[in-house]
Each structure stands twice: as structure tokens, then as C-alpha cells.
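Here the sequence shown is numbered in this note's numbering, starting from 2 and rising by one per residue.
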Amino acid sequence: MADPFDTAELRRRVLAAWSDSPARFREDANAEEDLVRGGYRDRLLVELAQNAADAALRAGVPGRLRLELTEVGGGGEVLHAANTGAPLDAAGVAGLASLRASAKRDQDGTVGRFGVGFAAVLAVSDEPAVHSLHGGVRFSAARTRAEVAGVDALAGEVARREGVVPVLRLPWPADGPPPAGYATEVVLPLRAGSRAAVRAALAALDAGLLLALPGLTEVEVVVDGAARTLSCTRTPPLVRLRDGDTTTPWRLAERSGQLPEELLADRPVEERARRGWTLTWAVPLDDDGRPRPLPDRQVLHAPTPSDEPLSLPVRLIAPFPLGSDRRHVAPGPVTDALTAVAAEVYADLLAALSPDPAVLALVPRVGLAAAELDAALGSAVLDRLRATAWLPATDPEEGERLTPARATVLDAGTDELVGVLTGVLPGLLPAEWSRREGAPALAALGVRRVGTAQVVEAVTGIARPPSWWARLYTALEHADREELGALPVPLADGRTAPGPGGVLLPDEGLPVDRLGPLALRIAAPEAVAPPAARRLLERLGARPATAAAVLADPAVRAVVERSVDAVDDGWDDADPADLATAVLALVATARLAPGELPWLAELALPDAEGAWAPAGELLLPGAPLAAVLEDGALGLLAPDVAAAHDPAVLQAVGVLTTFAPVRAEDPDDLDVDGADAWADAVLDRLPPGPPPSWPPLTAVRDLDLVADWAGALPLLAALPDEVWADVVLDGVPAPCHLRWWLSTHPVLGGRRPDRLRAPDGGELAGLYEPAQAPPEVLARLRPAATVDDVLADPDAALDLLDRLGDSACTVLPAVLRTVYARLAVALDGLDVDPPARVRVAPDRVADPARDPVAVLDAPWLQPLADGPLVPAGGTPGPVADLLDLPLLSERVQATVTSTPVRRGPWAAVPGADLAAARLGLPALPAEVAVHGRLLAGDRPVAWWPDGAVDHVDGTPAALGRALAWRAGAWPLRQALAEAFAEPGRAADLAAEDAVG
Numbered sequence: 002m003a004d005p006f007d008t009a010e011l012r013r014r015v016l017a018a019w020s021d022s023p024a025r026f027r028e029d030a031n032a033e034e035d036l037v038r039g040g041y042r043d044r045l046l047v048e049l050a051q052n053a054a055d056a057a058l059r060a061g062v063p064g065r066l067r068l069e070l071t072e073v074g075g076g077g078e079v080l081h082a083a084n085t086g087a088p089l090d091a092a093g094v095a096g097l098a099s100l101r102a103s104a105k106r107d108q109d110g111t112v113g114r115f116g117v118g119f120a121a122v123l124a125v126s127d128e129p130a131v132h133s134l135h136g137g138v139r140f141s142a143a144r145t146r147a148e149v150a151g152v153d154a155l156a157g158e159v160a161r162r163e164g165v166v167p168v169l170r171l172p173w174p175a176d177g178p179p180p181a182g183y184a185t186e187v188v189l190p191l192r193a194g195s196r197a198a199v200r201a202a203l204a205a206l207d208a209g210l211l212l213a214l215p216g217l218t219e220v221e222v223v224v225d226g227a228a229r230t231l232s233c234t235r236t237p238p239l240v241r242l243r244d245g246d247t248t249t250p251w252r253l254a255e256r257s258g259q260l261p262e263e264l265l266a267d268r269p270v271e272e273r274a275r276r277g278w279t280l281t282w283a284v285p286l287d288d289d290g291r292p293r294p295l296p297d298r299q300v301l302h303a304p305t306p307s308d309e310p311l312s313l314p315v316r317l318i319a320p321f322p323l324g325s326d327r328r329h330v331a332p333g334p335v336t337d338a339l340t341a342v343a344a345e346v347y348a349d350l351l352a353a354l355s356p357d358p359a360v361l362a363l364v365p366r367v368g369l370a371a372a373e374l375d376a377a378l379g380s381a382v383l384d385r386l387r388a389t390a391w392l393p394a395t396d397p398e399e400g401e402r403l404t405p406a407r408a409t410v411l412d413a414g415t416d417e418l419v420g421v422l423t424g425v426l427p428g429l430l431p432a433e434w435s436r437r438e439g440a441p442a443l444a445a446l447g448v449r450r451v452g453t454a455q456v457v458e459a460v461t462g463i464a465r466p467p468s469w470w471a472r473l474y475t476a477l478e479h480a481d482r483e484e485l486g487a488l489p490v491p492l493a494d495g496r497t498a499p500g501p502g503g504v505l506l507p508d509e510g511l512p513v514d515r516l517g518p519l520a521l522r523i524a525a526p527e528a529v530a531p532p533a534a535r536r537l538l539e540r541l542g543a544r545p546a547t548a549a550a551v552l553a554d555p556a557v558r559a560v561v562e563r564s565v566d567a568v569d570d571g572w573d574d575a576d577p578a579d580l581a582t583a584v585l586a587l588v589a590t591a592r593l594a595p596g597e598l599p600w601l602a603e604l605a606l607p608d609a610e611g612a613w614a615p616a617g618e619l620l621l622p623g624a625p626l627a628a629v630l631e632d633g634a635l636g637l638l639a640p641d642v643a644a645a646h647d648p649a650v651l652q653a654v655g656v657l658t659t660f661a662p663v664r665a666e667d668p669d670d671l672d673v674d675g676a677d678a679w680a681d682a683v684l685d686r687l688p689p690g691p692p693p694s695w696p697p698l699t700a701v702r703d704l705d706l707v708a709d710w711a712g713a714l715p716l717l718a719a720l721p722d723e724v725w726a727d728v729v730l731d732g733v734p735a736p737c738h739l740r741w742w743l744s745t746h747p748v749l750g751g752r753r754p755d756r757l758r759a760p761d762g763g764e765l766a767g768l769y770e771p772a773q774a775p776p777e778v779l780a781r782l783r784p785a786a787t788v789d790d791v792l793a794d795p796d797a798a799l800d801l802l803d804r805l806g807d808s809a810c811t812v813l814p815a816v817l818r819t820v821y822a823r824l825a826v827a828l829d830g831l832d833v834d835p836p837a838r839v840r841v842a843p844d845r846v847a848d849p850a851r852d853p854v855a856v857l858d859a860p861w862l863q864p865l866a867d868g869p870l871v872p873a874g875g876t877p878g879p880v881a882d883l884l885d886l887p888l889l890s891e892r893v894q895a896t897v898t899s900t901p902v903r904r905g906p907w908a909a910v911p912g913a914d915l916a917a918a919r920l921g922l923p924a925l926p927a928e929v930a931v932h933g934r935l936l937a938g939d940r941p942v943a944w945w946p947d948g949a950v951d952h953v954d955g956t957p958a959a960l961g962r963a964l965a966w967r968a969g970a971w972p973l974r975q976a977l978a979e980a981f982a983e984p985g986r987a988a989d990l991a992a993e994d995a996v997g
């Protein structure tokens, strides 16, 4: 077999060295075992890729690597690694067969530097081979053991090692070319225990490995016939890595240079000659160009993966010096220098990325360092980021990028809020940079974070148009109200309120431009036009300002109520006409009804004489009320003002066209004529007891100013029912003030309505004249129609008592029978003077001072009376007290002086059964004595009760009266008399009784 690389000579020299010095064999064996089990234990694919990249660089061609796992007979598997580039040469073979003596030490740009990486193949194979265009070599653990077995001096050492020998020191020639299109192929028959690990490594091979191997552009992985291609396309500063059908763009930041010689003084000799370095930071990007932080904890690539942990979620590829284990960075000046450069390049990377808050995920986290290098790198990166202008500015005047020291981020930023605060808060970052997930990074950078309260402080005192404030309020709609209490609000008059509390938010129809004289805190309409702005300010204590709401403001009422006095005092620098215009505009917008806000009547308005007076004391020109009042009783509104405003608006502020209602909660507050007397008259109607609770009261003013009652009454009758409604106290109705006042004043042809009767009040005929007025007026005045109507008012009842003694009057018999009894009830409890004359007949009165007038209390005494009698209506005692008259029983004293002709029980009298039935008794009690001529005091009488015996003259009438009195059924006396008059018709009469 041809041996183009003279492997025989290499083997001879090595075996000779081992024979001469068994310790050298031991050293080689230990060194190779350390590499396989230590620094290169899991770096097989990385080392194969690294060798492929170096071969491509040496040849100046694009590097391609094909990794294919194939099966061989007996269930074995072989890993083939074919690559393009420079083929294997004698120097390469010598490097493979030596320890830590690379053939690439003088080649710029190569990755391998120490000639030991190929030892990684021994982790999976005992028979590695390399086929190339100019020949091949093979290494074999078995053949090496066989060669060593012939050296007696090594027998003991091999035995101690249980047959383990340094495989890569003895090469043999190998036949077979690499696959077509490739310059070299490494063939690794896999050791039985390594196959699963190789499969897993091939499946996990990441295209990111190509970032560290610029000479390698493609890796093809073939397992079980299925191919997967990893490729790298470089268009600096972007790199596109493809893994199968997935392509991921990466952003790179690179810098190259040479290390000063003095920094390498403590490094191994072969490292000192390699002063050139290239440092790369790489981060994957999403489809929108935003960085995608690497998900797992990273390691330093120096330039291929090490075990040096990094917490930054990006890929760092840099030739940091490694320790002897080839796993961790060796401390020293080179490491320090590269750390400083790495921080600068990292800042360049972040500044070059799209200005998206995703970049914040790349900022080092304080206190999260994974190792000493990571801590130093994180600290250096933070320092550099703090000094670099890389954060995006929202204000073009501040430039495109800001240093963290100049930057400000809102604690709860939105696009709207950031937009409105740009130019107010210096160094403001875009809204998306306010997200909570970015807060730790911004804090680590020292970026100022501004909360809502600081925003309020920042906008206090600045001058901005109302539309700007509208945008601010809209943006702050959902902010914490506790931090917004001092949020300024621009007012319509140019002032600024120091907070929303109490500010009025104008309704769309509010005449804001005319409300200046009211000095209200009304927000500028444009500032509160957006619904969100209104919602925020209302939440902070501002009040909706409809016209009605503005009129409800105590400040407006105070200004109106002081307006007349202010005119009298000179009004300072203001104009009362402006105030009047403002209030009238509000009233017009609110569409108030007359009297709805009584205090508006205090508004100063000009009269026809040029003076100023309360609106409630002015008449509208041409008002009907003016024609019925006394001349000059009220002023006349200035005609130009009347012409300039809607009459309904003027009436709503109190300007009069007709009589005006007055409202109060208590009679003491009712500012109308006779209010106290009316209240007393109402209370006189109530039974004794504690003071009542008054309902809301309505009266009518200016009644005492009327000169023409014939014209005034129709105006009053046309007023709303409210002013005519009765007042009800404790369930007792009483006339309202208007009806009472009119009833007690001579308004009907010079006569008081309460001294007249209703035209249809026949019960009072002869006592009162009928009232004469239009029906609508009489319906409102309600003159008395019955005795009960009169008796409802104590004053009217007293007048009726006097009228009954007036000889010019007559009384209906039916009225006379009970009127005094009813008066006694109505006037009970009052201190009433007895009348000078009393009514004793419908058409006759008597003077008790001249005639022995008595009140009839015992009807059997009537024949013995020597003077006129007053009918008692069933209550002689109270009537006698009312009239201060004696009872007839007090004036007449007599006894029965005649002798009865017969005496017997009432039940024995013919007709007694029907009488008992009409009384509802089973039988008649007591006795009756019948006289031929009944005498009492020697004077004839018809009947006389005397204890258990009733004396009668025997007539049916006397029998009926005596029995009715005894039975307490005086109204049945005629029915009882009938029963005794026609005892023979008892059955017929009983049948009649049954009819109804």
C-alpha cells in the first residue's frame, strides 16, 4: 500500500522515543486521555466543523461539511465527515500524529491553534481514518497495542493501563478517496457505546455554530438517509442562518484588531505570535427586525463553544484565552482587554438594533452573573451602555438617540400620553418602553422613571392650548385618581384651576362665552370636549355644567342676590348689564319655568327710567298685571331689554306679566301680605295638640297692590292649581293663603267672599247674599254653599252667630233646628261673646235682655214657657252655654197636680205591640197614667214624665211623645203616636213598616 505521507517514518520515530523513554509513552498516553476525557470529551462535531472551516480558509474556497451516519454490517455505524478546502498534506498528518503541535499555527484566520482538537474523535471511535485527495491515514487502537506489545520496555505500562494506548501517535496509510466534490473525509467507525450520543449530537447540531466559523458556509447532516442542511449567508451586518426550511436572520456587531505584545507576555509561546483578534456579538432577529434573546444560558465561543457561562442572551464569539482544560477562560490582561472591547462592541450592537423595547431584554441584569468573566463583562457592558446614546428619543429636537442619563420613561406610558408629553418631559422614551418587563433593565441603566404625580407636577404652570389639555386628559383617563388631585385645568376665562375639584365642565349648549361676569371656574370647552377627558375630570371632582347645574352653583346665586346692592355700591369695574346677559343666557339654555328658581328674581335689571331694580319688581311692558295694580306700584322693565330677550326667559327670572307665586317651607318665611294672620287662621281649625309640621307652601305676592279687582280676579283664577290648593295639616284641610286672603278682603264688588254664599248655596239663603263673579273666579274662591262650609272657619262661624241674631235675615226652618247646636260644636273651646239677639224662629229674633228667652231642653215644659225658646238641636246644654241663656228646665219649676183616671203598664195600652216593634223592644217598660185633663202647676200640659210613670192626657200624640222620650227615641214620636191612634190597623201598619 502506498504511503505518501511516510507514516512508517512517523511510527518509527515515535516507537523509538517510547522505547528509549517509557515515561514519554506514559506522558503521551496521559495527555491523550486528558484531552479525550477532558477538554474535548463532547466536542466531536464542533472540532470536525472547525477543521473543515480551516481547510476552506486555507484553500480560499467556500467551506462545506457533510456529516453522514451510515450503517455497516453487524449493526455497526460509521460517521463520515467530508469537507471541502485544502486536502490533507504531510504537515497535517504530522500535526494529527502529534500532541499540541498544530500545523496551522502560522495561518491567519484559522480557528484551530493547538493541534489537539482531532483527539475528540477518540471519544466515539477507536479506528479513525482520514481520506484525502493526496492520500489518507488511519489510526488504530488495536494496531497501536500490537506495535507496543513488541516493545519490552512498555509491557508493564500497557498492562497497568489495561491495554489503553495513545491512539493518535501512530498513523498508518489508508486507501480510498473522499466523496466527489470534497477534499477530505474523516471516517469514524463508532464504538458501540457511543452511537446514541452521536445521533443525539447530530440531531442537536445548531446552525449557530457557523457564526464562529466564517470559513464554513454549509453543513449537511444525513442520518438514516434523511438530509438536513445548515447554511450561513453573510451580508454584514446581517447573517442569515438556515436550518432546513427555517431561516433566521442574525444581527452582528464585529470588531477586529491586534493585541499589544505586552499583554501576551504571560501566555504560551505559540499564542504570542497570534496577536490578531476578531470579536463578534450576534443576536437573532424576528421577522420585524426585533432582537430575539437567546432562550438558554449562553457560553462564550472562543471561538467555538466553551464552558464559560454568560448571562447575556446573545452569542459572544471572541478569542479569549482558555485554560489548559480548554473549557474556561484564563484570567489575565488579555481577558481584561477583550472584556473592555466586548463592552464597546455590545453597546454598538444595541445602538444598531431597531429602537424597540425588545432590546431591553439584552441589558445585563445586576446581580445575575454566572461566573467571574460574566460579572466583569456585565459590569463593563452596563457602564458602556450608560455612556452610549442608544435609547430612542420621541422629541426630534433632542436627536434620534439618548444616553440613559438623559432619558425618561413614563411609569404607565401609552402612545397618547407620550405623544402629548413630548416636549414637556425631556428625554422621553416611546410608550412601549414603559412596559413593566423592561423596568429592571431601565433601572439598571439609570433611566429616570416618571409616575403620574410627577407628570402632574411637570405640566403645572406650562402654557398649552386647550386642545393639548384635552389630549392629556384623554391619555390619563385610567390613571390613579390619588395622584391626579393637582392636575391643572384651563378655564374658559383664561385662568387655570390648580385642580379639577369643583371645576365646571361645560355642556355642549352652555353659553360659555357670555358667562365671564359670573367668575365661575368653567373649564375651557375644547379642553373637555372628548368624552374621556370629561370622564377623568368628573372622577377627580369636576362637575358637569349644564345651564341648570351652573345656576345651581351657590356662587351664581350669591352674585345674583348681591347684584342690586353691587349696582348701588358702584359695581367696581364690572358691568351689571354683562351679568344680566350671562344669567339670562343660562336661563334661556336651561329653559326654566317662572318661579322655578325664586332667587333669580333678585337679578338686577334696568327699568324704563334707567335705574336698576330686582327682576321680581319689574313689569314686562304690556303685561296684563300692570293694568290692575296701583300706579307706580312696580317698575317697568327697560323696553330695549324686553325686546332683546324671550319673554319666557324674562318671566323665568321673575319679571312680571301676571301675579307671581311665592314659595316657602314655613309661614314665617312666606313673604306675602297677611302671612301671619293666615297661619293663625289655619291653626285655629286644628284640634288642640303640638304644633303641626307644615307642608311646602305656595302663595301669591302683590295682592295688596291691586287697584282693579274686577280685572285682577280673572288673572288670579288663571294661575296654576298649585297656588289655589288647600293646605292639609294633620289631615285637616284649610284654605291656601291666596283663597284665604281674597276671602277676607273686599274683592267682589267691595264685599268679602267669606261674607257671601255660593249662588247655588240654598241652605244659606236668607243669611248671605249670593256672590257675583265669573264662574271661573267663583270656582277658585269657593264661597260657602252650606252651613258646614261656614262652620269650617272659626271666623266665619262667629260671623254666622251674629247673622242669626240679625232681624234683617231669615233662616230656613231646617237650618234653624240644628244651627245653634252645630255652632256650639264649631266654636267649642273658643272664647266667644254671646250674641245680643238670638234666633227663635225662621223670621224672628229675640233680645234676651228684654225677653225671658230660654233654650228648650225638656219638650213637655214648652206649654209652661213664658218667653221665646231657642231650638237646641239635641244639645241644649252647649247651646245654652254658647248663647249664655238658661235652659227652660231651669226657668220652669212644676209638678203634676191632676189625678189620673187610670194607671197601668204601657204594654196594656192599645197599639202597644206595634209601638214596641217600632222601638225594637220585645215589650214596653214602665207605667202610664192617663188623666182626663193633665195639669202641672195647675196649668194644662199634654204629657209629663215622672220617674217610673209617664203622665199623659190620653191623646195619641201625648202617648207617642211620652213613650219616645222614655225610650230615648225622640225622632220616633210621630210613628209611636200613629201606633196608638190606630191600634185596629196594627197589622196593616206593621206590613207597611216591613216594606222599607
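C-beta atoms are modelled at their ideal positions from N, C-alpha and C, and glycine is treated no differently. Quick caveat, the model's predicted, so the values are computed rather than measured.
Rounded to whole angstroms, the Cβ separation of residue 583 and residue 515 is 5 Å, and the two are in contact under 8 Å. Secondary structure at residue 735: strand, using DSSP grouped into helix, strand and coil. For residue 808, the three-state secondary structure derived from DSSP is coil.
The C-beta distance from residue 190 to residue 37 rounds to 16 Å, too long to fall under 8 Å, and the pair is not in contact. Beyond the five residues adjoining it in sequence on each side, residue 947 comes within less than 7 Å, by CB distance, of 897 in the same chain, given in chain order.
Taking the C-beta atoms as reference points, residue 319 is found nearer than 8 Å to residue 280. Beta-bridge analysis with DSSP links residue 232 to 219 and 243. Membership of residue 174 in the beta strand (DSSP E) is indicated by the continuous run 172-175. Counting C-beta pairs closer than 8 Å gives three or more between the stretch 370-380 and the stretch 308-315, which meets the contact rule.
Assignment of beta-bridge partners to residue 905 by DSSP yields 929. In terms of CA proximity to residue 484, 500 leads the group 500, 994, 748 and 120.
Counted as a single uninterrupted DSSP element, the beta strand (DSSP E) harbouring residue 283 occupies residues 277-285. Annotated three-state conformation of residue 137 is strand, per DSSP. DSSP lists 240 and 285 as the bridge partner or partners of residue 251. Across the structure, residue 905 and residue 930 are spaced so that their CA atoms are roughly 7 Å apart. Look at the beta carbons and you see the stretch 781-788 touching the stretch 755-762: at least three pairs across the two are nearer than 8 Å. As far as DSSP is concerned, residue 325 takes part in no beta bridge.
Within the DSSP secondary-structure output, residue 257 pairs in a beta bridge with 279. If you look at residue 968, you'll find it in the alpha helix (DSSP H) that goes 957-968.
Nearest in C-alpha terms to residue 561, of all of 615, 865 and 570, is 615.
Only residues of its own chain outside the window of five on either side were considered, and among them 84, 86 and 87 have a CB closer than 6 Å to the CB of residue 56, listed in chain order. When DSSP states are grouped into helix, strand and coil, residue 61 belongs to the coil group. Taking C-beta atoms as the reference points, residue 668 and residue 596 fail to come closer than 8 Å. Under DSSP, residue 870 forms a beta bridge with 855. Counting every other CB atom within 10 Å of its CB across the protein chains shown gives residue 135 a total below 16, marking it as exposed. Boundaries of the beta strand (DSSP E) around residue 607: 605-607.
In the three-state scheme derived from DSSP, where H, G and I count as helix and E and B as strand, residue 333 is classed as coil. Under the criterion of beta carbons closer than 8 Å, residue 471 and residue 530 qualify as touching, at roughly 6 Å. Within the same chain, and ignoring the five residues on either side of residue 168 in sequence, the residues whose Cβ sits closer than 8 Å to its Cβ are 33, 123, 127, 129, 140, 141, 142 and 145. In chain order, 360, 363, 386 and 391 place their CB closer than 7 Å to the CB of residue 351, counting only its own chain and leaving out the 5 sequence neighbours on each side.
Burial state of residue 894 is exposed, judged by a 10 Å Cβ sphere holding fewer than 16 other Cβ atoms. A distance below 6 Å between beta-carbons, with the five flanking residues on each side excluded, links residue 18 to the following residues of its chain, in chain order: 25. Beta-bridge analysis with DSSP links residue 523 to 505. Leaving aside the five residues that flank residue 676 on each side, the residues in its chain whose CB is nearer than 6 Å to its CB run, in chain order, 668. If you ignore the 5 residues before and after residue 367, its C-beta comes within less than 6 Å of the C-beta of 445, all in its own chain and listed in chain order.
By the neighbour-count definition (other C-beta atoms within 10 Å, threshold 16), residue 176 is an exposed residue.
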